[in-house]
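For reference, the structure discussed in these notes is given below.
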Amino acid sequence: MSRPDTGPEDVGYATRGLAWEEPPIFERSRPGRTGFAVPAADVPEVEPAEHLGPDAVRRGIPDLPELSEVEVVRHFTRLSTWNASVDLGLYPLGSCTMKYNPKLNEAAARLPGFARSHPLQPAALAQGILGLIAELERHLAEVSGMDRVSLQPAAGAQGELAGIMMIRAYHEQRGERRLRVLIPDTAHGTNPASAALNGYEVQAVPSGPDGILHPEAVAEAMGPDVAALMITNPNTLGLFEEHVARICEIVHGEGGLVYGDGANLNALLGIARPGDFGIDVMHFNLHKTFSTPHGGGGPGAGPVGVKNVLAPYLPVPVVRRLEESEGTGFALDYEFPHSIGRLHAGFGNVGMFVRAFAYLRSLGPDGLRRCAEMAVLNANYLLARLRRAYPPAYDRPVMHECVVSDRGLEGTGVTTMDVAKRLIDYGFHPPTIYFPLIVHGAIMIEPTESESLEGLDRFVEAMLAVAREARDDPERVRGAPHRTRHGRLDETRAARQPVLRWQPEPPA
Amino acid sequence: MSRPDTGPEDVGYATRGLAWEEPPIFERSRPGRTGFAVPAADVPEVEPAEHLGPDAVRRGIPDLPELSEVEVVRHFTRLSTWNASVDLGLYPLGSCTMKYNPKLNEAAARLPGFARSHPLQPAALAQGILGLIAELERHLAEVSGMDRVSLQPAAGAQGELAGIMMIRAYHEQRGERRLRVLIPDTAHGTNPASAALNGYEVQAVPSGPDGILHPEAVAEAMGPDVAALMITNPNTLGLFEEHVARICEIVHGEGGLVYGDGANLNALLGIARPGDFGIDVMHFNLHKTFSTPHGGGGPGAGPVGVKNVLAPYLPVPVVRRLEESEGTGFALDYEFPHSIGRLHAGFGNVGMFVRAFAYLRSLGPDGLRRCAEMAVLNANYLLARLRRAYPPAYDRPVMHECVVSDRGLEGTGVTTMDVAKRLIDYGFHPPTIYFPLIVHGAIMIEPTESESLEGLDRFVEAMLAVAREARDDPERVRGAPHRTRHGRLDETRAARQPVLRWQPEPPA
Amino acid sequence: MRYIPHTEDDVRRMLAVIGAPSVEALFGGVPDKLRLRRALDVPRAVSEQDLWRELAAAAAGNANLDTHDWFLGAGIYPHFTPAAVDAIASRSEFYTAYTPYQAEISQGTLQTIFEWQTMICGLTGLDVSNASLYDGASAAAEAALMAMRVTRRSRVVVADGLHPHYADVVRTYLTGLGAELVLGSRAPDGRAASVAPLVDDATACVVVQQPSFFGPVQDLPVLAEAAHRRGALLVVVVAEALALGLLRAPGELGADIVCGEAQSFGIPMGFGGPALGFLATRRAHVRQMPGRLVGRTTDARGRAGYVLTLSTREQHIRRERATSNICTNQGLCLLMATVYLALLGPLGLARLARLNLSRAEYAKARLREAGCTLPYPAASFNEFVVRVPDSAEAALGRALEAGAVGGLDLAPHAPEIGPALLVCTTELAQREAIDRLAASLGGGRAR
Amino acid sequence: MRYIPHTEDDVRRMLAVIGAPSVEALFGGVPDKLRLRRALDVPRAVSEQDLWRELAAAAAGNANLDTHDWFLGAGIYPHFTPAAVDAIASRSEFYTAYTPYQAEISQGTLQTIFEWQTMICGLTGLDVSNASLYDGASAAAEAALMAMRVTRRSRVVVADGLHPHYADVVRTYLTGLGAELVLGSRAPDGRAASVAPLVDDATACVVVQQPSFFGPVQDLPVLAEAAHRRGALLVVVVAEALALGLLRAPGELGADIVCGEAQSFGIPMGFGGPALGFLATRRAHVRQMPGRLVGRTTDARGRAGYVLTLSTREQHIRRERATSNICTNQGLCLLMATVYLALLGPLGLARLARLNLSRAEYAKARLREAGCTLPYPAASFNEFVVRVPDSAEAALGRALEAGAVGGLDLAPHAPEIGPALLVCTTELAQREAIDRLAASLGGGRAR
Ligand SMILES: Cc1ncc(COP(=O)(O)O)c(C=O)c1O
Ligand SMILES: Cc1ncc(COP(=O)(O)O)c(C=O)c1O
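Which chain is which? The protein sequence lines are A, B, C and D, in order. In terms of my numbering, the first sequence has 98 at position 98, counting the first letter as 1, and numbering is strictly consecutive. In terms of my numbering, the second sequence has 1170 at position 170, counting the first letter as 1, and numbering is strictly consecutive. In terms of my numbering, the third sequence has 2426 at position 426, counting the first letter as 1, and numbering is strictly consecutive. In terms of my numbering, the fourth sequence has 3262 at position 262, counting the first letter as 1, and numbering is strictly consecutive.
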């Protein structure tokens, strides 16, 4: 069952080699094995069935496998070899800011004082963490130009929800019932989803022919029943919303508020601040801008920042530095009658706070600005080298990422999906594809500042090689990936007949 | 440049997949990059050239690359993907005891109290480690049946050297100058090398037709000028030296001593003890029997154990539990006038002591015995399943490892080396090959107790598949490995024109 | 800057290719009046060495499992994590990867999620599990919203014993949706009183925590009956997932949705986060589930593999009509829990749960002897309410002097009980520590 | 037993295939009288959790960099290790692999060694470096033996200032070989006195530590001259490898062999081990080198790759005629050092060395003011001798009270100096800590 080891070997970072195989862990299970030693009981053992009644206790646990420690370790070590990752190479997922995750931060988050402490321990016994939280909140406020920050939301989408809820609370406080939230057609899916989750009617605002939002379009959609506009700046096309200030005025003019999606903040560090644009509330993605790892799908952290007008509505608890009169240190405040309440059982993803804090301290003001500058430099460099083969969706200078369309592939029968899969053969994780929705066959590339010039050149060579292949050998591209353990996986089939859990093969 | 993705995919644990590429790190270097932040000077900066004189200081450091942290991490992460390892699969190197390395032990060795302490800090400030050392020495003595143990030797070979030196000291103490050391022809290369390193003349003793040492052969070689016999039991054929007791008597009879190579102790844990055979001095390989990782070539640890007659010659310092009169705790003794002296600037590879201690405590007496039992069971199982295709070198029940010869390959033109390389295609690290030297085309297989029945079966299937291929498709085997990034590497060429360091390509 | 490779020479060459005179020029798209014309007012960068010193000092400012005996649970539980869990979670192939959108190069993450989904099905007794949610509290909220979608109803009945912070989060999530939240009361034995009177035809679901926040194991069949009679769903919330190692699978007792917090499965307490929300339900409701789902499929060559699936439920496809807004979830925590469960296996988990139970029963006896009382007779797992002789604050102070974080002061959550603590005993709470705790909480008032 | 997969059922099936009645029967080859018929007298097994508690307690019993300011070096140096080093060394592909005998499946380890060999060549100014040796002491011993092989001579002259433990190990390794060990004396300025009078035509090598154990930077050209005039080799031993970031490469100053201890390159002090011995020499002597060597070659398809080479020097091929008996060496430490050097690069290493030097000069000034004296005027790097006003013991006691491990009491090694300490200041010794140390060592006797 051999496939050709295709593609010029000198392009990209990958060829073919030995790949480990490993079945679902349940197929490795053998009755009686274990990878765990239960501590010897130092107290009289209680018989659960007697204690709880026979009907309340289970007789066994189906679907938990039985393996020794070495087998478990091998299983997951082998699985890990099937992943691409930032530590293995460029991972230019647009809008995801896959920058390097510093190793120091991983070690710091594992310090017992952070990793082995409890959210409900007395504040007096948690001054180290509370102080770090307060400091990080202050730094994020300064970086964004907001007045107050709460770290509680567990990810960007929950930050959006928190923001929308504060906006609702603000209007209701004024006795206003506003029903609509305006969202540009370039927005990330979480924006409309968050607004809808809080009961708002979502209205899309079309972006202009230049890919950015125009005051006229906003003015036209705006009305007294509009609670807020959600805007992402730079937007998901990597373009700076240059009319943002005017747009905020328009929304404010009719009593609305402006939500800022901070997922693209990496482009602005030390350059400009959403708070100075007129944004009333925004979220941060610590797992993007502030280098905390994505973990294969989280955990992230989505702090929310607000202007003073919205401060009364921040989620509780709030970490507060004690007044002179109260002594020194930090306390937890719950007394916010207008707060939207809690979003998390604890304080949010604290482990990510430690990492983000460490990152901020490693960079300082100059380093933060350097991030934005080099991220933007990298994106513009890529676009400059790719634009002939992959014409940009909108021909304007970009910020931290660039979006190209599939126009360059016309007539080849090769799609954006094919290009993405073919890039894998060259050792690159593909960019984000088919987003934003308004760009046909969008390829959204965010290199981040972590990428070196040579690394970018390699990626460009791979992209250009694929473009050539699309003309000269389209089948090869349509059949990609070829070098991976798996050929292209059938997503349609997965959705049509969902198999969502392992089950033993019916004995033949 | 494509090679066929050969071999039945259902055999073994590997197929082909994406492989990362990475050049020598020096080719990634760019002037001005760095992965390190030097702490700001909080004291007046000294100008080295002024302080030391211009001729004493260097102008630059050639051959150190300049990379950012992310590039360094990617470089070594990619390199790591080219290694086989115990955590990825069976690594049946005979004589190397590649058992599972428990993760707890890795974490324990990194505790600051162990990893961040200093060998010369006052004993009063090192009681935790000194106590652990004393306890581990006691446990090793009990496991081996020796009276005293020193953990100082950094690896097995240094343990051998220590042992040989103690033997010399013992004889010289008696005013005897003995010149020869007897070593069976099956012995590991370090045995003769260690004896020679201490100035002894090495005489090989032939093993019998049954692969073990016979009293007659020893008696014949023995003489008043023989300082010692070095014996490995089980020997490197995996066979128990059943005449060991008698052999020790013979050597002792002529005033000689017996050195026991403990590399194969895994077979005897809780089953039998070298000290009870008549062995006077032996070494342990903590990185074999006691699960400390091999680290791609160390660090290991080669404690040496002795009977009381040799105790006066143990290396210094010696860790001693204080007498009642002196208070409690442990002290370091240097006052051993007859000691062979120091072998290590510190106490040896302390980090390995922590791991081995943790391993002993995790197993206890029953677990240790279970190791030996399952290791021996695994080796015998492999032999039973392989013997028809790969006839054993000596047809006797084996202990922890089995050695087969290349007889089964006769007429195929396929060599032991080819079989080893072909096994790689199936996802197995090859066994030790061409050792012991007395077996033609030896294949020396040590599965260890960490291997599951299914894992062994997979290995057997691969071995049998290769045997079939050797007949049906010898070219495929001779050309192996096929699935790896690299084809077979040319060792002859490497030795003929040694290139032992990277050098910039001469500008063309 | 060690995290950024660019040299000034690199920058020059790149600008030349771009055709820009300077890096500054690249920001021409940002209107001048929106530019920040000063340096950010954040502290100067420090070296890795100095930063480490600073962070170690901050960490040292917190009591933790290494500095105190620990009897505080209440939603985040002090358990032992085998070293193999972090060894795997520290593989950068796992932790520096993104959500597995590109399946062919993310099979490690995808197969892990598939295995996790399967394990959760076994533990809950239900058919489908998602990848993860933020934490137990948001999982409870998402479950309530899901029940509202499934039933097209808007009334949520919460039986007594739901973690107060979970209740807060459910309340938060329900705002703006015209939903009604009704809280049940507590029976004298500490379990939830019958909710039947509260359930009407507008009721989407009955939400009950198992075991109760106060410890007692709830009577699920009765609650299921009450819910189902009116066409409502039963949502069972589990905050101490280890209890599932011992309790009958809620799915077998009538639960339609089982969700909660799986931090107990090998995830450090971490001052409450990252944690691991989970949610499982019956196949019939799968299209109303929130969160990621991984399914098995085949590749071009017919080989089995895994992909994210049923994404038409999700925000990136459905936008405002999605079942939830969740995107980034708790992937790495899910990996840790999967490794943890694989290490323990069914027997390890059951025995560990039994040890937790035994320690709790031992602690109850010691505490009674020490002069404390146990207001709730209903059987519990590893956590229970203790009424102390004097004040909760004083008792916790004595415990602290004895080197223990002695439990949770219930005053803010259930003043009606009087001076009381919620005390938790896991495998980490050794007998001697329990004895010390009892003595200190009792304050020498032994009977 | 969690490390052993076998179930009783597995055992039965395997025995059946083997055709053995029992596991016990497999040990039939062991004569009965040699069998141990009792259980080993070692402590019963403990759970991972209990073991962790036990180990943490043992670790807590040791002063360390986290508990004290640190001025004790003397061969093992307190340096900061960037987190990336351990992150890489924790990759199980590296640490659970064996010596890279099978090149095609060990390229990660092999290329790393090749890179290390190259870096050491650059640092030492020589042509070839081996993979590693056990530690600096055995490296010095192996170097002396190597010089004896190269010159076919048997007299080893050791200039003053070789680490006393290194000298001990050299002495140990020379036993039985009929070799002669001669020790040089110290000049008033603290450097080695001229060894010319000691070098004769039977002398294989002059061994000198750079910088001296006592701190002074030795005059290598003069020593090289003395050695070479009589056809002996100059062996330069470096115990504080960081000094190579600042000192002229010994190979440029006449050294024929440069060896020593590279623990300073990112390897934890670890109570002295595992450490990292290194050894480099001129191409002409490569076949007399001890230890592993990696070389570049090509594969069947002409692609560059790496293999262990020149093995005919080694024990597994040459047996008693091998250049050394070393087999397992310090592979993982070599990886750590390679990562460390790659992170720092030439500038980072030079600047770090300069900071160490600056701290030492600052400390000298403070100590003088505090009433201590510095017996040796010769220029030093980051370590030096301090004579204290009263007794070394008392001074160290005062330092300890001030929270510092203040240095090494030189009484056992160089009583002639009087009450003196060897004090080391690295990048970890912050100014305030140095001030405290000076005050405490001086005992308030400020001038
Ligand atoms: C523009 C944008 N907004 C919001 C989000 C949602 O953030 P999270 O995934 O952290 O919930 C993302 C993440 O992909 C994003 O790219
Ligand atoms: C039988 C035998 N003896 C001695 C040794 C040498 O031990 P080490 O490599 O730890 O020096 C080995 C290691 O391969 C061995 O297998």
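Glycine is no exception: its CB is placed at the ideal position from the N, C-alpha and C atoms.
| query | How would you call Ser3440/D, buried or exposed, if buried means at least 16 neighbouring beta carbons within 10 angstroms? | reply | Translated into the one-based positions of the fourth sequence, residue 3440/D becomes position 440. Counting C-beta atoms within 10 angstroms of its own C-beta, Ser3440/D has 16 or more neighbours from the protein chains shown and is therefore classed as buried.
| task | Determine the DSSP secondary structure at Pro2216/C, reduced to helix, strand or coil. | result | The residue labelled residue 2216/C in the question sits at position 216 within the third sequence. Note: Pro2216/C maps to strand in three-state DSSP.
| field | Where His1283/B sits in the DSSP three-state scheme | value | On the second sequence, residue 1283/B is found 283 positions in, with the first residue counted as 1. Correct three-state label for His1283/B: strand.
| request: Taking only heavy atoms of ligand 1 into account, decide whether any of them is closer than 8 Å to the Cβ of Val349/A. | output: The count along the first sequence starts at 1 and reaches residue 349/A at position 349. The displayed chain sequence assigns Asn, not Val, to residue 349/A. No, the Cβ of Asn349/A stays beyond 8 Å of every heavy atom of ligand 1.
| Among Pro206/A, Gln203/A and Ala267/A, nearest to Pro234/A - alpha-carbon criterion | The residue you call residue 234/A lines up with position 234 of the first sequence. Of Pro206/A, Gln203/A and Ala267/A, the residue nearest in Cα terms is Ala267/A.
| Residues with C-beta closer than 6 Å to any heavy atom of ligand 1, in chain order | Residues with a Cβ closer than 6 Å to any heavy atom of ligand 1, in chain order: Ser95/A, Cys96/A, Ala155/A, Gly156/A, Ala157/A, His188/A, Thr190/A, Thr232/A, Thr236/A, Asp261/A, Ala263/A, Asn285/A, Gly300/A, Gly302/A, Cys2327/C and Thr2328/C.
| Measuring from the CB of Lys421/A, is there a heavy atom of ligand 2 at a distance below 8 Å? | What you label residue 421/A is simply residue 421 of the first sequence in a count that begins at 1. For Lys421/A, the shortest C-beta to heavy atom distance toward ligand 2 is 8 Å or greater.
| request: Taking Glu2252/C as the reference, give the member of Pro2221/C, Ile2267/C and Val2237/C with the closest Cα. | output: Here residue 2252/C is taken as the residue at index 252 of the third sequence, counted from 1. It is Pro2221/C whose Cα lies nearest to the Cα of Glu2252/C.
| field | Under 8 Å by beta carbon: chain C residues contacting Ser2989/D | value | Because chain D is modelled from 3001 through 3447, residue 2989/D falls outside the range shown and cannot be assessed.
| message | Against Arg485/A, what residues of chain B qualify as contacts under a CB-to-CB distance less than 9 Å, listed in chain order? | response | If you number the first sequence from 1, residue 485/A lands on position 485. Within chain B, the residues near Arg485/A are Thr1015, Arg1016, Gly1017 and Leu1018.
| task | Grab me the residues of Pro1392/B's own chain with a C-beta within less than 8 Å of its C-beta, minus the 5 sequence neighbours each way, in chain order. | result | Indexing the second sequence from 1 puts residue 1392/B at position 392. Excluding residues up to 5 positions away in sequence, Leu1383, Val1398, Cys1402, Val1403, Val1404 and Ser1405 lie with their Cβ nearer than 8 Å to the Cβ of Pro1392/B in the same chain.
| Rounded separation between Phe2114/C and Pro23/A - CA only | Along the third sequence, read from residue 1 onward, the residue named residue 2114/C stands at position 114. Along the first sequence, read from residue 1 onward, the residue named residue 23/A stands at position 23. Near 12 Å, if we compare the C-alpha coordinates of Pro23/A and Phe2114/C.
| Taking 9 Å as the CB-CB cut-off, is Val1073/B touching chain A? | On the second sequence, residue 1073/B is found 73 positions in, with the first residue counted as 1. So yes, Val1073/B belongs to the interface.
| said: Does Glu3320/D come out as helix, strand or coil in the three-state DSSP assignment? | reply: Counting from one through the fourth sequence, the residue named residue 3320/D turns up at place 320. DSSP, read as helix, strand or coil, puts Glu3320/D in helix.
| Length of the line joining the Cα atoms of Val1306/B and Gly1262/B | Counted from its first residue, the second sequence places residue 1306/B at position 306. Counted from its first residue, the second sequence places residue 1262/B at position 262. Their backbone Cα atoms lie some 12 Å apart in a straight line.
| Counting contacts by CB-CB distance shorter than 9 Å, is Lys1103/B in contact with chain A? | For the purposes of this step, residue 1103/B is taken as the residue at position 103 of the second sequence. For Lys1103/B, the nearest CB of chain A lies under 9 Å from its own CB, placing it at the interface with that chain.
| request: Go ahead and label Gln1503/B buried or exposed: buried means 16 or more other beta carbons lie within 10 angstroms of its beta carbon, across all protein chains shown. | output: Sequence index remark: in the second sequence, residue 1503/B carries index 503 (1-based). Counting the other Cβ atoms within 10 Å of the Cβ of Gln1503/B gives fewer than 16, which makes it exposed.
| Can you give the beta carbon distance from Ala2204/C to Ser2264/C, rounded, assuming they're within the 8 Å contact cut? | Locating residue 2204/C in the third sequence gives position 204, where the first residue counts as 1. Locating residue 2264/C in the third sequence gives position 264, where the first residue counts as 1. Between Ala2204/C and Ser2264/C a beta carbon distance of about 28 Å is seen, past the 8 Å cut, so the two are scored as non-contacting.
| query | Going by alpha carbons, who is nearest to Ile2417/C out of Asp2189/C, Asp2086/C, Ile2326/C and Ile2434/C? | reply | Position 417 of the third sequence, counted from the start, is the residue given in the question as residue 2417/C. Put simply, of Asp2189/C, Asp2086/C, Ile2326/C and Ile2434/C the residue whose alpha carbon is nearest the alpha carbon of Ile2417/C is Asp2189/C.
| message | I want to verify the contact list: residues of chain B whose CB lies under 7 Å from the CB of Ile78/A, in sequence order. | response | Reading the first sequence from its first residue, position 78 is the one you call residue 78/A. It should be noted that the sequence gives Arg, not Ile, for residue 78/A. What Arg78/A touches in chain B: Leu1088.
| field | Val477/A, DSSP secondary structure in three states | value | Locating residue 477/A in the first sequence gives position 477, where the first residue counts as 1. Reduced to three states, the DSSP call for Val477/A is helix.
| task | Examine chain A for any beta-carbon lying closer than 9 Å to the beta-carbon of Phe2094/C, and answer yes or no. | result | As a first step, residue 2094/C must be located in the third sequence, where it is residue number 94. Yes - at least one Cβ of chain A is within 9 Å of the one on Phe2094/C.
| task | Please report the residue range of the alpha helix (DSSP H) in which Gly159/A lies. | result | Counting from one through the first sequence, the residue named residue 159/A turns up at place 159. Residues Gly156 to Gln173.
| query | Bridge partners of Cys2205/C, per DSSP? | reply | Counting from one through the third sequence, the residue named residue 2205/C turns up at place 205. Paired residues: Val2156/C and Leu2233/C.
| field | Under the three-state DSSP convention, the category Pro2268/C falls into | value | Working through the third sequence from its first residue, we reach residue 2268/C at position 268. Three-state DSSP puts Pro2268/C in coil, outside helix and strand.
| How many angstroms separate the CA atom of Arg1003/B from the CA atom of His1482/B? | For the purposes of this step, residue 1003/B is taken as the residue at position 3 of the second sequence. For the purposes of this step, residue 1482/B is taken as the residue at position 482 of the second sequence. Residue confidence for Arg1003/B is low, a pLDDT of 44 falling below 50, so the modelled location carries little weight and cannot support an answer.
| Proximity below 9 Å, CB of Phe3071/D to CB of Leu3437/D | For the purposes of this step, residue 3071/D is taken as residue 71 along the fourth sequence, with counting starting at 1. For the purposes of this step, residue 3437/D is taken as residue 437 along the fourth sequence, with counting starting at 1. For the 9 Å CB-CB criterion, Phe3071/D and Leu3437/D form a contact.
| query | In chain G, what lies closer than 8 Å to Met165/A by C-beta? | reply | Of the protein chains in the structure, A, B, C and D, none is chain G.
| Under a three-way DSSP split, which group does Arg3/A fall into? | Within the first sequence, residue 3/A is the residue found at index 3, counting from 1. For Arg3/A, the pLDDT reaches just 44, beneath the cut-off of 50, and the residue's location in the model is therefore unreliable, leaving the point undetermined.
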